[in-house]
Amino acid sequence: MSEQTLMAGKVVVVTGAGGGIGRDIALALARSGARVVVNDIGASVSGEGNDAGPAQKVVDEIKALGGEAVANTDSVSDARGGARIVTSALDSFGRIDGVVNNAGILRDRFFHKMSDEEWDAVIKVHLYGSYHVSRAAATHFKEQNSGVFVHMTSTSGLIGNFGQANYAAAKLGLAALSKSIALDMQKFNVRSNCIAPFAWSRMIGSIPTETEAEKARVERIKQMTPAKIAPLAVALCSDASKDTNGQIFAVRNNEIFLISQPRPVRSVHRSEGWTPESVLSHALPAMKASYFDLDRSGDVFTWDPV
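For what it's worth, the working numbering labels the leading residue of the sequence shown as 23, then goes sequentially.
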């Protein structure tokens, strides 16, 4: 199957597609033959402001390539916005076949300093936003007995990072949301997968660079362009990946990883049951060798991008 026909006849919504990773995914989908709804409210990295320009600019780029696309500037953070985004696909192209939940903001803050507003804002865009758009599309996917979701998670949630409790909670929640959608909707031939992208974008540009280690990490990330994420996203949206469902991937420059999902790693038992004292003297010491370190994403992905 050629690149131009891989997504022929398909209509895909890409949220947060006015720049960065979303833009490159939208362009790649269009090159593969998909008709694309380019959603972006045109806000700052922290989610403030509104500008129709970024979404329309990407639409213009797609049309210049000979593709078909429409711009949408609704916010994913409320149910009505999510519904309007899906309606935009139906009104413009008569159907919807895929959703790429990419929209996101950052409000980084160490946990003991985080405000309720910083928590709510990030959860609403990443987790609620992905839910709202997915839920609006799910009814149509069920009725047509086909559809695919691709959600952007993050190693900040899957592994950990400093100063991102709101973002990490949303992104790990997204992995669970994706798995639940995959389980609930597999009987309707609907698939749901996650990608944890490593890429230099406007959002990553707000990562603190106060220490030499942080500066070195950001320099490594700069080598990883958003375009590196797009091939996997397009592949997961295509019918050719019909056997891939409920999985979590990571993309780091030219590397693609399959990420593990939580499973029991060690167990202990006592036939008479447990007391707090026996937990302290037996259970915890027995399992301590299998404890996980307090890793950050950078502690796990320590080598330079390939």
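No residue lacks a Cβ here, since even glycine has one placed at the ideal position from N, Cα and C.
Nothing here was measured: the structure is a model prediction, and the numbers come from that model.
Output the boundary residues of the beta strand (DSSP E) element that contains Met-174.
169-174
Let me know if Lys-310 comes out buried or exposed under the rule of 16 or more other beta-carbons within 10 Å of its beta-carbon.
exposed
Provide the residue(s) that pair with Gln-186 in DSSP beta bridges, ordered along the chain.
Arg-131
Where the alpha helix (DSSP H) through Glu-139 begins and ends:
138-145
Looking at C-alpha atoms only, which residue of Ile-127, His-304, Gly-320, Pro-307 is the closest neighbour of Lys-237?
Gly-320
Coil, strand or helix - Arg-57 by DSSP:
strand
In whole angstroms, what separates the C-alpha of Gln-283 from that of Asn-188?
21 Å
Does the beta-carbon of Asn-167 have 16 or more other beta-carbons within 10 angstroms, so that it is buried, or is it exposed?
exposed
From what residue to what residue does the beta strand (DSSP E) around Val-314 run?
This sequence places Phe at residue 314; Val is not what is there. Run containing Phe-314: none; DSSP gives neither H nor E here.
Does the distance from the C-beta atom of Thr-266 to that of Leu-258 stay below 8 Å?
yes
For Leu-28, count neighbouring C-beta atoms within 10 Å of its own C-beta (all shown protein chains included) and say buried if the count is 16 or more, exposed if not.
buried
So what does Glu-330 bridge to, in DSSP terms?
Given a span of 23 to 328 for the chain in the structure shown, any question on residue 330 remains unanswerable.
How about Ala-255 and Val-172: do their beta carbons lie closer than 8 Å?
yes
Would you list the one or two residues that DSSP bridges to Cys-216?
His-173, Ile-270
Along the beta strand (DSSP E) that carries Ile-278, what are the first and last residues, could you check?
277-280
Considering Leu-86, what are the terminal residues of the alpha helix (DSSP H) in which it resides?
Note on identity: in this sequence residue 86 is Ala, with Leu being the wrong assignment. From DSSP, the alpha helix (DSSP H) with Ala-86 extends over 75-86.
Can you have a look at Thr-324 and say buried or exposed, based on whether 16 or more other CB atoms are within 10 angstroms of its CB?
exposed
At which residues does the beta strand (DSSP E) containing Gly-120 begin and terminate?
120-123
Just list the residues that DSSP pairs Asn-94 with in beta bridges.
Asn-61
So for Val-287, helix, strand or coil by DSSP?
coil
Quick check: Lys-164 and Phe-210, are their CB atoms within less than 8 Å of each other?
yes
In angstroms with no decimal places, state the Cα-to-Cα distance between Asn-123 and Ala-272.
15 Å
Which residues mark the beginning and the end of the alpha helix (DSSP H) in which Val-301 is found?
Element bounds for Val-301: n/a, residue is neither H nor E.
Figure out for me which residue from Gly-295, Asn-275, Ser-312, Val-170 has the closest Cα to the Cα of Ala-262.
Val-170
Since Asp-100 and Lys-32 are thought to touch, with beta carbons under 8 Å apart, how far apart are those beta carbons, to the nearest angstrom?
Not a contact, Cβ separation roughly 27 Å.
Using only the alpha-carbon positions, how far apart do Asp-206 and Arg-213 sit?
10 Å
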